[in-house]
Every structure is written in structure tokens, then in C-alpha cells.
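Peer 1: Residues -19 to -1, 1 to 118, numbered by mature numbering (1 follows the signal peptide of the UniProt record, and there is no 0), are exactly what the sequence shown covers, in order.
Just so it is clear, CB atoms sit at the ideal spot from N, CA and C, and this is done for glycine as well.
If you're wondering where the values come from, they're calculated on a predicted model, not measured in any experiment.
To start, I am sharing the structure in question, which I have written as C-alpha cells.
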Amino acid sequence: MFSKTLIAAILGYAGIVNAIPTTINTNDDISAHDTTVGNAKMTWCYPGLGACGQNRGDGDLVVAVDPTVYGNWPNPNLAPICNRKMRVNYQGRSIVLTVVDKCPSCPPNGLDLTPAAWRQLVGSTDLGPQYGSWDFI
């Protein structure tokens, strides 16, 4: 039904298309975030197994960052932002947290803290979202 030439042409085209390099937004230049980010929306949540592949508990001083800061990685466990330290500031207080997760519901530059981190930095978990600043250290 199909000639050998047509089949060879289709297979050849498919090989060329597969060979075209594609770009994955890896956000590997996380140094772009090395300046202080102000007016960052902060919330808290109960952690679990995070995007970095680590299981964390309510008492851990860890944080999830928004997807634009985390970046897109074929294997998110290997993202260079995993285990990076950040200083989070709120009304004259600061805390050092470790990045262990991605927060899909966070706005750009937003953070999701664990209950322990929230209590230490903000106070009561009865409070709704708050705004602070952060920077990588």
C-alpha cells in the first residue's frame, strides 16, 4: 500500500524531529534570586513528602517555594534548590529555613512554611496569610 520511499521519508522525518533539541525551564540560575525578595506572601501547611524527595514533619524548619523559584526539573528530587538555606523575615524577626518542596498554590516568590517555622516566625497558626521578605544564604 505504501511505497518503501514514502515509509523511508516518514521515518527520516520522525528521526529529525526527535533530534531537535528542546529546552526545559530548569531555572538553574537560582542566583537570580540571591537578592532580598520583599512583600512575599507566606502561608503555612502540614508537610509530608516534598518535591525534593524528603519526608518532613510539622516540627521541621523547612519551607516550600513557588514553582517559578523551584524551577522545572525532569527529576525534581535533583533540583539545585533542594536543601538550599533561606532567611525569612517578618516584622523584625527572622528564621533560617531549608527548601524541601515546591508550593504549586503559592504566588510568585510566595512561601509555605511548616507549623513550627510559622509559629517561630509569625506566631499563631490561627493567623491567615502574612507578608514578609526572604533571601538565600
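Sort W115, V18, R37, N70 by Cα distance to V103 and report the nearest one.
Peer 2: Counted from its first residue, the sequence shown places residue 103 at position 122. Among W115, V18, R37, N70, the Cα nearest to that of V103 is on N70.
Peer 1: With a cut-off of 8 Å on the beta carbons, I'd call V80 and N56 a contact; round off their distance for me.
Peer 2: For the purposes of this step, residue 80 is identified with residue 99 of the sequence shown, where counting begins at 1. For the purposes of this step, residue 56 is identified with residue 75 of the sequence shown, where counting begins at 1. With a Cβ gap of about 16 Å, V80 and N56 do not count as contacting.
Peer 1: Between the alpha carbons of S75 and D93, how many angstroms are there, rounded?
Peer 2: Counting from one through the sequence shown, the residue named residue 75 turns up at place 94. Counting from one through the sequence shown, the residue named residue 93 turns up at place 112. In a straight line, the C-alpha of S75 is about 15 Å away from that of D93.
Peer 1: Quick check: what's the CA-CA separation for L78 versus C33?
Peer 2: Stepping through the sequence shown from its first residue, residue 78 is reached at position 97. Stepping through the sequence shown from its first residue, residue 33 is reached at position 52. Rounded to the nearest whole angstrom, the CA to CA distance from L78 to C33 is 14 Å.
Peer 1: Tell me whether A21 sits in a helix, a strand or coil according to DSSP, three-state version.
Peer 2: Here residue 21 refers to the residue found at position 40 of the sequence shown. Note: A21 maps to strand in three-state DSSP.
Peer 1: From the DSSP output, read off the bridge partner residues of N36.
Peer 2: On the sequence shown, position 55 is the one that residue 36 refers to. DSSP output for N36 lists L30 as bridge partner(s).
Peer 1: On the DSSP letters alone, give me the boundaries of the beta strand (DSSP E) that W115 sits inside.
Peer 2: What you label residue 115 is simply residue 134 of the sequence shown in a count that begins at 1. Annotation: the continuous beta strand (DSSP E) that includes W115 extends over 111 to 117.
Peer 1: Given this structure, state the Cα-to-Cα distance separating I118 from A45, to the nearest angstrom.
Peer 2: Taking the first residue of the sequence shown as 1, we reach residue 118 at position 137. Taking the first residue of the sequence shown as 1, we reach residue 45 at position 64. C-alpha separation (whole angstroms): 16 Å.
Peer 1: Which residues does DSSP list as the beta-bridge partners of V43?
Peer 2: Position 62 of the sequence shown, counted from the start, is the residue given in the question as residue 43. Looking at the DSSP assignment, V43 forms a beta bridge with T79.
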